[in-house]
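S.K.: One structure is given below, represented as structure tokens, and several questions about it will come after.
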Amino acid sequence: MNFKQLSLGKKIILITTVIALISLFLPWVELGILSASGFQQGGYLFLIAFIYPVYCVLKNTYINKVGGLVCGIVALIASIAYISSKSDEIFGTAINVAGSGAYLFLISTIGLIIGVVLDKRIS
Numbered sequence: 022m023n024f025k026q027l028s029l030g031k032k033i034i035l036i037t038t039v040i041a042l043i044s045l046f047l048p049w050v051e052l053g054i055l056s057a058s059g060f061q062q063g064g065y066l067f068l069i070a071f072i073y074p075v076y077c078v079l080k081n082t083y084i085n086k087v088g089g090l091v092c093g094i095v096a097l098i099a100s101i102a103y104i105s106s107k108s109d110e111i112f113g114t115a116i117n118v119a120g121s122g123a124y125l126f127l128i129s130t131i132g133l134i135i136g137v138v139l140d141k142r143i144s
């Protein structure tokens, strides 16, 4: 597999997958002096949605648009649900303790969807 010969969509998929992996090392929960990484919060489970598109890129085969979009949308919904679940009310003030890693993962899922849409049938 030569990175230069990949289509733009496949390049985006690989880059966003690396970004998603990096996000697991960042804090997914931040509350003052307390924080927890993506591994501690089970964020690695969200990477399951990246398996099919990344497999197709590594095998240099066509990514089925429906299957790829389903994977991306599932990851996007799971990311939004995770970030929303970290909102709470303390002393009458609404706070969100979701950390930068969770938001970076959310951005990478959007990139995954864009990569699937931009993937060309002929590679």
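Quick note: the sequence shown uses our numbering, first residue 22, plus one each step.
Note that the Cβ used here is the ideal one computed from N, Cα and C, for glycine as well.
Keep in mind the model is a prediction, meaning the values are calculated, not measured.
1) Any idea if K141 is buried or exposed, counting beta-carbon neighbours within 10 angstroms, 16 or more meaning buried?
2) Got a sec? Which residues, its chain only, sit under 8 Å from L47 by beta carbon, not counting five neighbours each side?
3) With 16 as the cutoff for other CB atoms within 10 Å, does K25 come out buried or exposed?
4) Can you give me the C-alpha to C-alpha distance between L139 and F112, rounded to a whole angstrom?
5) Can you have a look at Q61 and say buried or exposed, based on whether 16 or more other CB atoms are within 10 angstroms of its CB?
6) Answer with buried or exposed for S44, where buried requires no fewer than 16 other C-beta atoms within 10 angstroms of its C-beta.
7) Mapping DSSP to helix, strand and coil, what is L139?
8) Name the DSSP beta bridge partners of L55, please?
9) Pair every Cβ in the stretch 69-79 with every Cβ in the stretch 89-101, then say whether three or more of these pairs are closer than 8 Å.
10) Assuming N81 and M22 form a contact by the criterion Cβ under 8 Å, report the distance between their Cβ atoms to the nearest whole angstrom.
11) In terms of alpha-carbon separation, which member of G64, N117, Y83 and S100 lies closest to I34?
M.R.: The short version:
1) exposed
2) S58, G59, G120, S121, G122 and L125
3) exposed
4) 47 Å
5) exposed
6) buried
7) The answer is helix: DSSP assigns L139 an H, G or I state.
8) L52
9) yes
10) Contact between N81 and M22 is confirmed by a C-beta separation of about 6 Å, below the 8 Å threshold.
11) Closest option to I34, judged by alpha-carbon separation, among G64, N117, Y83 and S100: Y83.
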